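Read through the structure below, which is laid out as structure tokens, and then see the notes.
Number of protein chains: 2
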Amino acid sequence: MTTSDHIVKAYDDELNHLTFMIVSMGKKVDVQLDRIIEALSEGSVEKAKKVIDHDPEIDLLEKEIDTYAVRLIALRQPLATDLRNVISALKISAHLERMADYVVNVAKRTCSLGTKPLPHYITPIVRLIRSVQSMLRDVLDAYVQRDDQAAHRVWEQDTEVDESYNGFVRELLTYMMEDPRNITPCIHFLFIAKNIERLGDHITNIAEHIHYLIHGTLWTESRHT
Amino acid sequence: MTTSDHIVKAYDDELNHLTFMIVSMGKKVDVQLDRIIEALSEGSVEKAKKVIDHDPEIDLLEKEIDTYAVRLIALRQPLATDLRNVISALKISAHLERMADYVVNVAKRTCSLGTKPLPHYITPIVRLIRSVQSMLRDVLDAYVQRDDQAAHRVWEQDTEVDESYNGFVRELLTYMMEDPRNITPCIHFLFIAKNIERLGDHITNIAEHIHYLIHGTLWTESRHT
């Protein structure tokens, strides 16, 4: 093995490690979603607090990814696809960090609710979270495989999440109209649903970055604002 | 003038141009906030639609900043402070783009409201937007001046925005309890207020990036999730 091969090999390893760090971060967000489903379904303040306690790990991972990416740019001076790889990692880590923040917001709302929610509140929310989780897993796979078509499919899935969200909001409005005592829990669920809907938006942004890193161009259509 | 000086001069110009692009983008967000205040206060669907129409300009600026930053990394292979400058520009542009999206969300809500809101809804909202505008202007100044202390002051200002937001939410809850007919407009204002409160969060994130670009370290305290 020549020295040059060795350097190239180390460089490849570093780029792969960056992908690995992103996927680890994504998986931590996925686990947070599992945790929040449990906390919400049981109305468990204790479990919701665990979600909040785990958030700093994800923040730290973002910083680690940023530091690693910056070091990689400085040492390797990547070009073309390699540079896009590194830039995309910076952007995707920011989206994952923001997603984790939304899950924390849901956890805080769960603490405010403080009781086990009625099935007509919790069932649609859990369904919404499951849809987002499936999008997240698919987008992480698309990222690892550098699969543009798979990324585009994830991007399209967000329409379903938006529709479920809108349906649920309409339902909540009727509960509030029926009885003013429903207003406070419904407001919490409105914001919980909104936070989850935003997760879907961030996943579509990640899908867009996958397209960018593969092709160096951006999709012209815009999925959301 | 030697060739080397000339190259250094061109490189400095490029870094300055990046700062200039970020500030231009920030100013466009500021103008959008002026527009949304007008649209909201008058309940003007037409003016709200103008806010939505102007959003692609801001999206485009983000892409231009990203492209410029990536080109700068590829051509100049910046190190240390210069590299942090470029990385921060990538991160700050993402925050500004997201801020613009929140303003668009408010514009969409304004369209849904469709009428001139009552003073007890609009007065606190306008006050909230003005606070955020003042934070935005201060953070852009801090960015141009590379003034860490000024950035930290902006970061602290967000507490006031959060407090005003919480007060307004409590008010809205009482209106909803009083009369179910208030529920629909109040929900719109809840989300409008939430969007504006999020603007403040993004500005604190920008303040954090200013600190990072100056010192290469992160503030350890966390302003929000």
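Sequence order for the protein chains is A and B. Numbering of the first sequence is given in numbering that gives the first Met the number 0, commencing with residue 0 and proceeding in unit increments. Numbering of the second sequence is given in numbering that gives the first Met the number 0, commencing with residue 0 and proceeding in unit increments. Note that the Cβ used here is the ideal one computed from N, Cα and C, for glycine as well. The structure presented is a predicted model; accordingly, all values stated were derived computationally and were not measured.
query, result
"When we look at the beta-carbon of E196 of chain B and count the other beta-carbons within 10 Å, is it buried (16 or more) or exposed?", "buried"
"State the DSSP-derived secondary structure class of M0 of chain B, mapped to helix, strand or coil.", "Low confidence applies here, because M0 of chain B scores a pLDDT of 47, under 50, leaving its location unreliable and the question unanswered by this model."
"Residues of chain B with CB under 8 angstroms from P118 of chain A, in chain order?", "The premise fails here: P118 of chain A is roughly 23 angstroms from chain B at the closest Cβ pair, so nothing lies under 8 angstroms."
"Straight-line CA distance for E63 of chain B to V160 of chain B?", "31 angstroms"
"Look at the Cβ atom of E37 of chain A, then the Cβ atom of K46 of chain A, and state whether they are nearer than 8 angstroms.", "yes"
"Give the single residue among A:I128, A:D146, A:E162 whose Cα lies nearest to the Cα of Q31 of chain A.", "A:I128"
"Can you tell me where the alpha helix (DSSP H) with Q156 of chain B in it begins and where it stops?", "147-177"
"For a cutoff of 8 angstroms on Cβ pairs, would you count Q76 of chain B as touching chain A?", "yes"
"Does any CB atom of chain B fall closer than 8 angstroms to the CB of P179 of chain A?", "yes"
"Between V22 of chain A and R169 of chain A, what straight-line distance do the alpha-carbon atoms span, to the nearest angstrom?", "35 angstroms"
"Rounded to whole angstroms, what's the CA-CA distance from K193 of chain B to Y164 of chain B? Just pull it up for me.", "7 angstroms"
"Please classify Q156 of chain B as buried or exposed, where buried requires at least 16 other C-beta atoms within 10 Å of its C-beta.", "buried"
"Leaving out five residues before and five after V28 of chain B in sequence, what residues of the same chain have Cβ atoms less than 8 angstroms from its Cβ?", "I57, L95, M98, A99, V102, L135"
"Beta carbon of V50 of chain A, beta carbon of A68 of chain A: below 8 angstroms?", "no"
"Taking only beta-carbon positions, decide if A93 of chain B is within less than 8 angstroms of chain A.", "yes"
"What does a CB cutoff of less than 6 angstroms around N204 of chain B pick up in its chain, not counting 5 residues either side in sequence?", "H94"
"Taking the alpha carbon of T158 of chain A as the point to measure from, which residue in A:S87, A:V131, A:P123, A:G42 has its own alpha carbon closest?", "A:V131"
"Which chain B residues sit within Cβ distance under 8 angstroms of M176 of chain A?", "P179, I182"
"Give, in chain order, every residue of the region 148-167 of chain B whose Cβ lies closer than 8 angstroms to some Cβ of chain A.", "none"
"Does I213 of chain B get closer than 8 angstroms to chain A when you measure Cβ to Cβ?", "no"
"Pull out every residue of the region 50-84 of chain B whose Cβ sits closer than 9 angstroms to any Cβ of chain A, in chain order.", "I51, D54, P55, D58, K62, D65, A68, V69, I72, A73, Q76, P77, L78, A79, L82, R83"
"Let me know if L59 of chain B comes out buried or exposed under the rule of 16 or more other beta-carbons within 10 Å of its beta-carbon.", "exposed"
"For D78 of chain A, which of helix, strand or coil comes out of DSSP?", "In the sequence as displayed, the identity of residue 78 of chain A is Leu instead of Asp. Note: L78 of chain A maps to coil in three-state DSSP."
"Indicate whether at least one CB of chain A lies closer than 8 angstroms to the CB of I191 of chain B.", "no"
"Which one of B:A206, B:R70, B:D11 has the shortest CA to CA distance from A149 of chain B?", "B:A206"
"Of the choices A:R83, A:L78, A:R180, A:L189, whose alpha-carbon is the least far from that of T109 of chain A?", "A:L189"
"For D147 of chain A and E61 of chain A, what's the separation of their Cα atoms in angstroms?", "24 angstroms"
"Consider the Cβ of K27 of chain B: report whether some Cβ of chain A lies at a distance smaller than 8 angstroms.", "no"
"May I have the straight-line CA-CA distance separating R172 of chain A from C185 of chain A, to the nearest angstrom?", "Before going further, note that residue 172 of chain A is Leu rather than Arg in the sequence given. Cα to Cα, the separation comes out at about 8 angstroms."
"Whole-angstrom Cβ separation of V143 of chain A and I35 of chain A, contact assumed at under 8 angstroms?", "Not confirmed; about 24 angstroms, so no contact."
"Determine the direct distance from the alpha carbon of H201 of chain A to that of I121 of chain B, and round the result to whole angstroms.", "30 angstroms"
"CB-CB under 7 angstroms to K233 of chain B, same chain, minus the five flanking residues each way: which ones, in chain order?", "Lying outside 0 to 224, the shown extent of chain B, residue 233 of chain B is not represented and no answer is given."
"Excluding the 5 residues flanking E13 of chain B on each side, which residues of the same chain have their C-beta closer than 6 angstroms to its C-beta?", "L71"
"Which residues of chain B have a Cβ atom closer than 9 angstroms to the Cβ of K48 of chain A, listed in chain order?", "Simply none; closest approach about 13 angstroms."
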